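Enquirer: A single structure is presented below for examination.
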Amino acid sequence: MAQKNSNIVEYGEPVGMLAAQSLGEPGTQMILRAFHFAGIESTIATSGLPRIVELVDARKKPETPITFVYLTGEYKRNVGKAEQALKRVSEVRMGSVVRRVLENFSKGIIKLVLDTQVLKANELTPGQLAQKVAKKLEARTKVDKDGNILVKLKTKKLTEVRSISVKLMKDVVQGVEGAGKAVLQKDAKTDEFYIIAAGSNIGGIMEIEGVDKSRIYTNDVFAMHRQFGIEAARNTLVKELDTTLREQKINVDKRHLMLIADAMTYSGTIKGVGRHGLSGQKQSVFAKAAYEETVKHLVNAAAFSEIDNMRGVTENILVGKQIPLGTGSVRLAIKKEDMQKVKPKK
Amino acid sequence: MSDKDDNDIVPQHALMQAKDAKEVLSEMHLRPENLPKIFSTDPQAAKLGAKPGDIIKIKRHDYGNTYDIYRLVTEE
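Just so you know, the sequences run in chain order A and B.
This note's numbering applies: residue 84 is where the first sequence begins, and numbers increase by one.
This note's numbering applies: residue 3 is where the second sequence begins, and numbers increase by one.
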């Protein structure tokens, strides 16, 4: 216990600066883009410095969103059941099952030549697809003897027919929209099946039967924020920073990462570290003026009669005062009741 | 949403009574606006029915440590 207490950070310690340096220095040693084939998830995912930058800058969409979908009950033990769940999650677009699109503009007919192999792999039939298309476009559809789909449109205008057929290719025919392509994996330790999806629509995936809602996890911090709130986003940030650094065998104490994540989620949303995020919110006029656009900040401050409390580091160095850290953070104060004991001299 | 929808990554949130909140704040020499924020539209805050001005207590499990942090509910 004494050992633990002696290691607690003292008041006035510049913890933020220490955290920044602790993450910044190993960052210079990181490999830009590493190639490794330790597991399927790490080969697709962005790693190394680009990933750290992505997290710290709070980019709205990660370069490679990945969702880990764990399953419940018999779905996680039984291969057949697990594959069923996979099929319901994995996103299949019309474009990937159609080999060729033939448009007959004079008759207003679109002919979809299907790729039978892809169709078979996804266990879809031309009939099912034709029904989906009919429902979506409110048009009459027919399956011809070669297994192709004929769509009779109401319009014959060239531009409209083309725009419908382009849109049709982007339609999701199976799975969750935004879930991306998914694969089935087996956990070597617990011997259970889980799904890795290349998307981050966790809200949609959670509605699928057999998905364990309590264990679903994505590396998309903003998706976690939307679904589970700010505390989950904070934990995701810590976890992602930690795993990214660990992958590269870089040891940064987790408490530094926790502090960074806490600062980024302080305002209730995720803010990046940088000019538009945390650093841009400095209170002091001098600190802002010392960084960029000096004249603009000073003129604005003068025009709106802003007040500088001189609490930060930059502004105190600027005027040559002691910075309010460590020893400098101690200030003299007097209690109200003691003030009355002091008699003013005449 | 029911309780079983809770994800493992979400720590336990609890709405604080005004009296308890005041006690905690005076102990830490803080004003409510010094606390980290949570939006009233946040999924966890909405689940508790928190209104702007309330304080939510969060039980965090970090690094083998369990500790409480507090967030002030604000409007988005």
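Every residue, glycine too, gets a C-beta built ideally from N, C-alpha and C.
All values derive from a computational prediction rather than experimental measurement.
(1) Relative to chain A, which residues along the stretch 63 to 76 of chain B have a C-beta separation below 7 Å, given in chain order?
(2) Return the CA-CA distance between G191 of chain A and L185 of chain A, expressed in angstroms with no decimal places.
(3) Nearest to I135 of chain A by CA position, among A:R298, A:T111, A:G95, A:K424, is which residue?
(4) Does Q14 of chain B come within less than 7 Å of chain A when only Cβ atoms are used?
(5) I think P133 of chain A touches G282 of chain A, with their Cβ atoms under 8 Å apart; what is that distance to the nearest whole Å?
(6) Against chain B, which members of the stretch 312 to 326 of chain A pass a CB distance test of less than 7 Å?
(7) Measure the C-alpha to C-alpha separation of E330 of chain A and V321 of chain A and round it to an integer number of angstroms.
(8) Helix, strand or coil, according to DSSP, for F369 of chain A in the structure here?
(9) Does any residue of chain B bring its CB to less than 7 Å from the CB of R394 of chain A?
(10) Between the Cα of A306 of chain A and the Cα atoms of A:D140, A:F188, A:K218, A:I353, which residue gives the shortest distance?
(11) Using the Cα positions of G287 of chain A and R176 of chain A, report the straight-line distance between them to the nearest angstrom.
(12) Among A:Y153, A:E93, A:A222, A:E376, whose alpha-carbon lies nearest the alpha-carbon of M82 of chain A?
(13) Can you find at least 3 beta carbon pairs, one from the stretch 164 to 183 of chain A and one from the stretch 383 to 390 of chain A, that sit closer than 8 Å?
(14) Just confirm the distance between the C-beta atoms of L361 of chain A and A346 of chain A, as a whole number of angstroms; I'd bet it's less than 8 Å.
(15) Any beta carbon of chain B sitting closer than 7 Å to that of R298 of chain A?
(16) Is the Cβ-Cβ distance between I60 of chain B and H15 of chain B less than 7 Å?
(17) Within 6 Å: the Cβ of V172 of chain A and any heavy atom of the ligand ATP?
(18) Could you name the residues of chain A that I40 of chain B contacts, counting a contact when the two beta carbons are closer than 7 Å?
(19) Ignoring anything shorter than 4 residues, give me the alpha helix (DSSP H) runs that lie fully in the stretch 305 to 346 of chain A, in order along the chain.
(20) With a CB to CB cut of under 7 Å and the five nearest residues on each side skipped, what residues in its chain are close to D303 of chain A?
(21) A168 of chain A and G293 of chain A - do their beta-carbons sit closer together than 7 Å?
(22) Determine which residues share a DSSP beta bridge with N399 of chain A and list them.
(23) With 7 Å set as the bound, which would you pick, yes or no: does the beta-carbon of K337 of chain A sit closer than that to a beta-carbon of chain B?
(24) Which residues mark the beginning and the end of the alpha helix (DSSP H) in which V180 of chain A is found?
(25) Against chain B, with Cβ distances strictly below 7 Å, would E124 of chain A count as a contact?
(26) Which of the three DSSP states is assigned to S125 of chain A in this structure?
(27) Is D22 of chain B close to chain A? Criterion is C-beta to C-beta, closer than 7 Å.
(28) Taking the alpha carbon of Q104 of chain A as the point to measure from, which residue in A:Y374, A:K194, A:M422, A:H339 has its own alpha carbon closest?
Expert: Reading it off the structure:
(1) D64, Y65, T76
(2) As a first step, residue 191 of chain A is located in the first sequence; it is residue number 108 there, counting from the start. As a first step, residue 185 of chain A is located in the first sequence; it is residue number 102 there, counting from the start. One C-alpha to the other measures close to 11 Å.
(3) As a position in the first sequence, residue 135 of chain A is number 52, starting the count at 1. The candidate whose alpha carbon is nearest that of I135 of chain A is A:T111.
(4) As a first step, residue 14 of chain B must be located in the second sequence, where it is residue number 12. No, Q14 of chain B lies away from the interface with chain A (no Cβ there is under 7 Å from its Cβ).
(5) Looking up residue 133 of chain A in the first sequence gives position 50. Looking up residue 282 of chain A in the first sequence gives position 199. Not a contact, Cβ separation roughly 19 Å.
(6) G312, I313, E314, A315, N318, T319
(7) Counting from 1 along the first sequence, the entry for residue 330 of chain A is found at position 247. Counting from 1 along the first sequence, the entry for residue 321 of chain A is found at position 238. Cα to Cα, the separation comes out at about 14 Å.
(8) To locate residue 369 of chain A, count along the first sequence from 1; it is residue 286. Three-state DSSP puts F369 of chain A in a helix.
(9) In the first sequence, counting from the first residue as 1, residue 394 of chain A sits at position 311. False, the Cβ-Cβ gap to chain B never drops below 7 Å.
(10) Stepping through the first sequence from its first residue, residue 306 of chain A is reached at position 223. Here the closest residue by C-alpha is A:I353.
(11) Numbered from 1 along the first sequence, position 204 holds the residue referred to as residue 287 of chain A. Numbered from 1 along the first sequence, position 93 holds the residue referred to as residue 176 of chain A. Their Cα atoms are separated by approximately 16 Å.
(12) This structure leaves residue 82 of chain A out entirely; chain A is present only between 84 and 429.
(13) no
(14) Locating residue 361 of chain A in the first sequence gives position 278, counting from the first residue. Locating residue 346 of chain A in the first sequence gives position 263, counting from the first residue. Confirmed, about 6 Å.
(15) Locating residue 298 of chain A in the first sequence gives position 215, where the first residue counts as 1. It does: the Cβ of R298 of chain A has a partner Cβ on chain B nearer than 7 Å.
(16) On the second sequence, residue 60 of chain B is found 58 positions in, with the first residue counted as 1. On the second sequence, residue 15 of chain B is found 13 positions in, with the first residue counted as 1. Yes; because the gap between Cβ atoms is below 7 Å, this pair is in contact.
(17) Ligands in the displayed structure: none, and consequently the ligand ATP is not present.
(18) As a working note, residue 40 of chain B is residue 38 in the second sequence. Contact note: I40 of chain B reaches chain A through I313, G351, using a C-beta cutoff of 7 Å and chain order.
(19) 313 to 330
(20) Taking the first sequence and counting its residues from 1, one reaches residue 303 of chain A at position 220. Cβ within range, chain order: P145, P148, S283.
(21) Counting from 1 along the first sequence, the entry for residue 293 of chain A is found at position 210. Counting from 1 along the first sequence, the entry for residue 168 of chain A is found at position 85. It is a contact, given that the beta carbons lie within the stated cut-off.
(22) Reading the first sequence from its first residue, position 316 is the one you call residue 399 of chain A. According to the DSSP secondary-structure assignment, N399 of chain A is paired through a beta bridge with no residue.
(23) Locating residue 337 of chain A in the first sequence gives position 254, counting from the first residue. Closer than 7 Å: yes.
(24) Along the first sequence, one-based indexing puts residue 180 of chain A at 97. Note, V180 of chain A: alpha helix (DSSP H), 177 to 180.
(25) To locate residue 124 of chain A, count along the first sequence from 1; it is residue 41. Because E124 of chain A sits at a pLDDT of 49, beneath the cut-off of 50, its placement in the model cannot be relied upon, and the following sentence gives the value as read from the coordinates. For E124 of chain A, the answer is no, since every Cβ of chain B falls outside 7 Å of its Cβ.
(26) Mapped onto the first sequence, residue 125 of chain A falls at position 42. In this prediction, S125 of chain A has a pLDDT of 48, which is less than 50 and means its spatial position is unreliable; what the coordinates show is noted afterwards. In this structure, S125 of chain A counts as helix in the three-state DSSP scheme.
(27) Position 20 of the second sequence, counting from 1, holds the residue named residue 22 of chain B. Residue-level contact check: D22 of chain B does not touch chain A, since none of the beta carbons of chain A fall below 7 Å from its beta carbon.
(28) Translated into positions along the first sequence, residue 104 of chain A becomes position 21. Taking only the C-alpha atoms, the option nearest Q104 of chain A is A:H339.
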